[in-house]
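Here the sequence shown stands for residues 1 to 239, where the numbers follow the working numbering. The beta carbon of each residue, even a glycine, is placed where N, CA and C say it ideally should be. Quick caveat, the model's predicted, so the values are computed rather than measured.
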Amino acid sequence: MPVLNKHYRCYDFESDLEKALNRVDFFRIFHTLALRYGFEHFGILQLANEHESSHLAGRLVLHDLPAGLAEAYDKRHRLNESAIFKSFYKSTIPTVWLSDDPAENGTAGSSDFLEQIGFDMALALPVHSIAGARYVVLFLGDGEDIGRNAHYEICYEANCAFDYFYRKVLSNKAGMGLTPRETEILRWISYGKTASEIALIVSVSEHTVNSHTATILKKLDVVNRTQMVAKAIREQIIQ
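The structure is reproduced here in structure tokens:
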């Protein structure tokens, strides 16, 4: 993990962040953070292309939502079409959403997502990794609107917690176990090169390229080259 300078401040839970090692540790940190500020649940979403089909369950990298809630939501609704999801691509300002917020300009208000998922309030905090990948820390509950100071505090603390979570947990899966040669072949595939073209470029047989491609598909747990490239970009394996 990169060494941080000592100019940042984590205030009340710096020691907890320093000791956290895995998903279970960060689950406890985010869960405690949610409860401390009057929320009931949290979820960390990974964002992709704005127009790429997104399912709530598939975007969650860590959460404490009730079992089956995200899957039930995905069966009836589309995350892409919700006002809260669309807002992530318009601004990076932390936002508070209430179920009784009025609609604007004839479009759905925040109530579309909140009513569908069953909560009265949400706090959405856009964050990003040191590699540039975009995420949103989402807090959900049935309480009243959050005050100014509490808003400032939870946004700062959640940002710190996510930074540690990314560096200690999420970044460790970068590469997904690919060898340097597999990553090189994957990169050429992303450029649209065929197996025969790649074979000439990297000076191996076409059979070897196809063998590497089959291995990459298995390691990334996808079924075709299109999914393979999309996931590799999303996981920051290639740019």
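Residue burial is scored here from C-beta neighbours: Pro180 has fewer than 16 other C-beta atoms within 10 angstroms and is therefore classed as exposed.
With respect to the C-alpha of Ala232, the residue from Glu206, Thr194 and Glu184 having the closest C-alpha is Glu184. In the structure shown, Thr92 adopts coil according to DSSP, grouped into three states. Taking all protein chains in view, the Cβ of Leu33 is crowded by 16 or more other Cβ atoms within 10 Å, so the residue is classified as buried. Scanning the stretch 132-157 for uninterrupted alpha helix (DSSP H) segments of 4 residues or longer gives nothing; none is fully contained. Cβ-Cβ distances below 7 Å link Asn80 to Ser53 and Ser54 in the same chain, with the five nearest sequence neighbours on each side left out; the list follows chain order. With contacts defined by Cβ atoms closer than 7 Å, Glu71 and Ala57 form a contacting pair. When only Cα atoms are considered, Asp101 and Lys90 end up about 18 Å apart.
Nearest to Arg134 by alpha-carbon distance, out of Gly141, Leu125 and Gly68, is Leu125.
The C-alpha of Lys193 lies about 15 Å from the C-alpha of Thr208. Residue pairing by DSSP places His128 opposite Arg134 in a beta bridge. Taken through DSSP and simplified to helix, strand or coil, Ala70 comes out as helix. Pairing Lys86 with Ala199, the inter-Cα distance amounts to about 42 Å.
By the C-beta criterion, the stretch 11-18 is judged not to be in contact with the stretch 126-146, since fewer than 3 inter-stretch pairs fall below 8 Å.
Under the 10 Å beta carbon count, Leu21 is surrounded by fewer than 16 other beta carbons and is classified as exposed. Taking Ser129 as reference, the option from Arg167, His151, Met121 and Ile154 with the minimal CA-CA separation is Arg167. Rounded to whole angstroms, the Cβ separation of Phe88 and Leu35 is 24 Å, and the two are not in contact under 8 Å.
Comparing alpha carbon positions, the residue from Cys10, Ser211 and His151 closest to Ile93 is His151.
The Cβ-Cβ distance between Phe26 and Phe139 does not fall below 7 Å. In the DSSP assignment, Gly43 falls within the unbroken beta strand (DSSP E) covering His41 to Gln46.
In chain order, Met176, Gly177, Leu178 and Glu182 place their CB closer than 8 Å to the CB of Lys219, counting only its own chain and leaving out the 5 sequence neighbours on each side. In the three-state reduction of the DSSP assignment, Ala20 falls in the coil class, being assigned neither a helical nor a strand state.
Contact annotation: Asp64 and Phe42 have beta-carbon atoms nearer than 7 Å. One thing to note: Ile154 has its Cβ within 7 Å of the Cβ of Tyr37.
The DSSP-derived three-state label of Val223 is coil.
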